[in-house]
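What follows is a single structure, written as structure tokens, with notes after it.
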Amino acid sequence: MRLYRAKDYDDLSRKAANVILAQVIMKPDCVLGLATGSSPLGTYRQLIEYFKAGDLDFSKVKTANLDEYRGLPRDNDQSYYYFMHENLFKHVNINMADTNIPNGMEPDSEKECLRYEQVIADLGGIDLQLLGLGHNGHIGFNEPDDTFAKITHCVDLTPSTIEANKRFFASADDVPRQAYTMGIGTIMQARRILLIVSGKDKAQILCDVINGPITPRVPASVLQLHRDVTVIADEAALAKF
Ligand code: F6R
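Take the sequence shown: its letter number 23 is residue 25 in my numbering, and every next letter is one higher.
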């Protein structure tokens, strides 16, 4: 793992966007694995700036998002489809047909998970996967568990994740209870991984992820086994290093 120290969230966002910019320049038709949540917002803003300045061309880029709430339609403003559209896709020249997100409205979870794995396989795998880090060590919606989930699957969200995500909904009761997520195996197959971590509330878990034992109780700890992981964290998140 390569660990880069950023001064603050803006610095982190610029550094992360630079990694993605370099990836797209080196391979214009690359497959980007994308994440939602607060962590990548600044990165997406910076990518939009690069696009507007003429430095970044998304016309051949393909994307696959990590996860989606089960039961939320695309036009629900809390769906991850909506998030990606609002915070990145509608601002750049990406072909929407080349963007992929699990279909939260597919009721047959086995069918949807297998379909999504096939989508990623048909893309030829992910070149660069962007990840945020949950307070409990989750990546995607791979929550702490007894084993590492291999492929895309349907998960029951833990109380701590429902609590963390309720800020985006009218109340905790409105947070969906399930989500479709790439598995740990799916994520680990990405050729490169970029993990971004910001804020002092992530300091302990980041320490556990990088220095602790590899365990499904801290799902992101498995990244220690991946051969090409870049971690960019701000000073606050690195408080325990
Ligand atoms: C989002 C995702 C989640 C988040 C994580 C951190 O697609 O898969 O794993 O990356 O919950 O969320 P934030 O960035 O909001 O702290």
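Glycine included, each C-beta is placed from N, C-alpha and C at the ideal position.
Query: Ile141 Cβ short of 7 Å to the ligand MN heavy atom set; Result: The ligand MN is not part of the structure shown, which contains the ligand F6R as its ligands.
Query: CB of Gly44 within 8 Å of CB of Ala192, strictly; Result: no
Query: For Ile207, the first and last residue of its enclosing alpha helix (DSSP H); Result: 205-213
Query: Proximity winner among Cys115, Val94, Asn95, Asn97, relative to Pro104 (alpha-carbon distances); Result: Cys115
Query: Ser244, buried or exposed, once every other Cβ within 10 Å from all chains shown has been counted against 16; Result: The structure shown does not extend to residue 244, since the chain is modelled only from 3 through 243, so no value can be given for it.
Query: Alpha-carbon to alpha-carbon, Glu108 and Tyr6; Result: 39 Å
Query: Own chain, CB closer than 6 Å to Leu90, minus 5 neighbours either side, in chain order; Result: Tyr46
Query: Contact set for Ala181: own chain, Cβ-Cβ below 7 Å, skip 5 residues either direction; Result: Asp69, Glu70, Tyr71, Arg72, Phe143, Val157, Leu159
Query: One or two residues paired with His155 in a DSSP bridge; Result: Thr183
Query: Near the ligand F6R: Tyr52 beta-carbon under 7 Å from a heavy atom; Result: no
Query: Under 8 Å between C-beta atoms of Ile128 and Val21; Result: no
Query: Environment of Ala166 [buried if 16+ CB atoms lie within 10 Å]; Result: buried
Query: Cα-Cα separation between Val94 and Gln48, rounded to whole angstroms; Result: 12 Å
Query: Coarse secondary structure for Ala24, derived from DSSP in three states; Result: helix
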